[in-house]
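Please read the structure below before turning to the comments.
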Amino acid sequence: MVQVRDEIGVYEYSGGIVGPGIEPAGTVKDGGTIRSGTPPGCWGPMITPKFQGGHEVTRPVMVEGAEIGDAVAIRLKKVHVTSLATSSGVMDFVDGRYIGDPFVAKLCPACGTTSPASHIEGIGDDAVHCDKCGAEVSAFRFGNGYVIVLDRENEMALTVNQEVANTLAADAAVNVALPDNSGQHSILALARADISGLASRMRPFLGNIGTSPSRDLPDSHNAGDFGAFLLNAPHGYSFTQEELNEHKTDGHMDTNSVRQGSILICPVKIPGAGIYMGDMHAQQGNGEIAGHATDVAGEVELQVEVIKGLELDGPILLQTMDDLPYLARPLDDAERSSVKALGDKYGQAEVEDNAPITFIGSGATLNDATKNGLDRAAKVTGLPYDEILNRATIAGSIEISRLPGVVRVTFMCPRKIIEGMGISHLVDEQYT
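Letter by letter, the sequence shown follows residues 1 to 432 in my numbering.
In structure tokens form, the structure reads like this:
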């Protein structure tokens, strides 16, 4: 008998894989709460050879009553950074240290061990060493990198010089606040400090959150762009394009508006949905143009709700009001009065009752991702494809979440359609 709980805390992680093969942390009630402390994504797992994905996300939590063909709404109640510092930058691959994909199939160049256990010796680019033979083993290098310290109270950040970076590296796991059960090396150990004194605001969000794909795959590749690296790959996670489209759920979005206060609506492709989360970033501009942003540890609280019969291929996002594109923000009272007067002037009595909605699209390129998001919007809403194009042009926007291929397709959608989707209460909650 499966125990179903009102609240679940998940503090164990999947080692870089998401899918039905990962043992769930438990089952939460429809309407229940999930809490976690998430490890950093990207660079820590990238320099930890035993990982078979580029992130370290939580084990999945099943949701009572969620069936294949439903959707699950995830209210992001809390997204809070716990790291004091982190490091990131542009990546280079090291030839000879991976099979096909350095995120998925790392290789010790000296003893030939695949996905070897490893340890840290000293600091710097050559700090990661194979447990079996002692050789330096990281499959990644910084092209240009930085160490950044974080003021969580005032939500500010500052990159530091080499001396400070070296000091932080001496206690790397503590400064990045690795959770007890995390298996990754801290990227602070590399102490790469090419940019000193650059200040930035913090605006934390989750880069990888959603429902489990219906076949095991690397967590960082659960999207159309990174997933393209799995096509006919020479390792154990090879997919065809058709298989990737069928199984992925686009949890790895790197969409900076998937933050506290937003509502994410995700497809259910396995019984129970399998909610997982990770890859918190302290800040990131649209596009994540460097390939990686400021990956941090953090505290997360989610509330889940099953939406029966809403069949999705990828996520829908109800962004916070602050994050909505200007043309897709609901009209205020003064604007509504102006629109009514404009209509009266020309004899146009009807003014559409609508609200903003955002579809996530992904693909190998930005053009592919945009087409994917538009196709998803047309399929789910029933609006003609060309009408979606017009709505996104004059009452919405196409925004880049990540290069090479994740976008947001936002437009004003008629309320009747939103009601038919079964999410009008969520839209009202977010925008009324």
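Glycine is no exception: its CB is placed at the ideal position from the N, C-alpha and C atoms.
Just so it is clear, the structure is predicted and the values come from calculations on it, not from any experiment.
Whether residue i touches residue j by CB criterion (8 Å)
| i | j | result |
| --- | --- | --- |
| P267 | T249 | yes |
| E67 | V4 | no |
| K78 | V300 | yes |
| M280 | V81 | yes |
| A392 | V409 | yes |
| L178 | A297 | yes |
| L168 | L188 | yes |
| T58 | G278 | yes |
| L264 | I209 | yes |
| E163 | M202 | no |
| V90 | G287 | no |
| S214 | G53 | no |
| P20 | D216 | yes |
| P40 | V176 | yes |
| S182 | E56 | yes |
| K308 | G197 | no |
DSSP state of residue i mapped onto helix, strand, coil
| i | result |
| --- | --- |
| I270 | coil |
| L84 | coil |
| R141 | strand |
| H292 | coil |
| Q430 | helix |
| I423 | coil |
| G405 | coil |
| E399 | strand |
| V147 | strand |
| E12 | coil |
| T249 | coil |
| G227 | helix |
Sequence-distant residues of the same chain with beta carbon closer than 7 Å to residue i, five excluded per side
| i | result |
| --- | --- |
| F93 | P102, A139 and F140 |
| C413 | N354, A355, I357 and T381 |
| I289 | L403 |
| I120 | A127, V128, H185 and A189 |
| P325 | G396, S397, E399 and T410 |
Cut-off 8 Å between Cβ atoms - residues of its own chain near residue i, not counting five sequence neighbours on either side
| i | result |
| --- | --- |
| A135 | C108, P109, A110, C111 and H129 |
| A364 | G224, D225, A228, P404 and G405 |
| G37 | Y11, T82, P179, A297, G298, E299 and V300 |
When the options are compared against residue i, the one with the closest alpha-carbon
| i | options | result |
| --- | --- | --- |
| N367 | A334, K345 and R402 | R402 |
| Q284 | L383, G347, G422 and D254 | D254 |
| T211 | F411, V72 and G21 | V72 |
| V28 | I388, E305, E335 and A334 | E305 |
| A293 | P218, I148 and E399 | I148 |
| L310 | R376, L389 and L302 | R376 |
| S88 | T113, I47 and T58 | I47 |
| I99 | N256, G15, K269 and S238 | S238 |
| I398 | N372, S196, R415 and L383 | N372 |
| V351 | G361, D428 and V339 | V339 |
| A157 | S200, V104, G37 and T38 | S200 |
| T33 | M421, E7 and I316 | E7 |
| L317 | T38, P60, R75 and I123 | R75 |
| A328 | P204, T38, Y431 and R35 | Y431 |
| N245 | G343, D171 and L312 | L312 |
| S83 | C133, P204 and D30 | P204 |
Residues of its chain near residue i, where Cβ-Cβ distance is below 6 Å and the 5 sequence neighbours each way are ignored
| i | result |
| --- | --- |
| Q117 | Per the sequence presented here, residue 117 reads as Ala, with Gln not at that position. Taken in chain order, the residues that qualify are K50 and D131. |
| V2 | T27 |
Contact test: residue i Cβ vs the ligand SAH heavy atom, cutoff 7 Å
| i | result |
| --- | --- |
| Q162 | With respect to small molecules bound, the structure shown includes none, and the ligand SAH cannot be examined in it. |
- Within the stretch 195 to 225, note down every full beta strand (DSSP E) run reaching 3 residues or more, in order along the chain. 199 to 201 and 205 to 211
- Task: Could you name each continuous beta strand (DSSP E) segment of 3 residues or more that falls completely within the stretch 95 to 123, going from the start of the chain to the end?
- Result: 118 to 120
- Task: For the stretch 158 to 182, list the alpha helix (DSSP H) runs that are entirely contained and at least 4 residues long, ordered along the chain.
- Result: 162 to 169 and 172 to 176
- Pick out the complete beta strand (DSSP E) segments inside the stretch 16 to 83, 3 residues or longer, and give them in chain order. 26 to 38, 61 to 63 and 71 to 81
- Can you check the stretch 301 to 376 for any alpha helix (DSSP H) of at least 4 residues that lies completely inside it and give the ranges in chain order? 333 to 346
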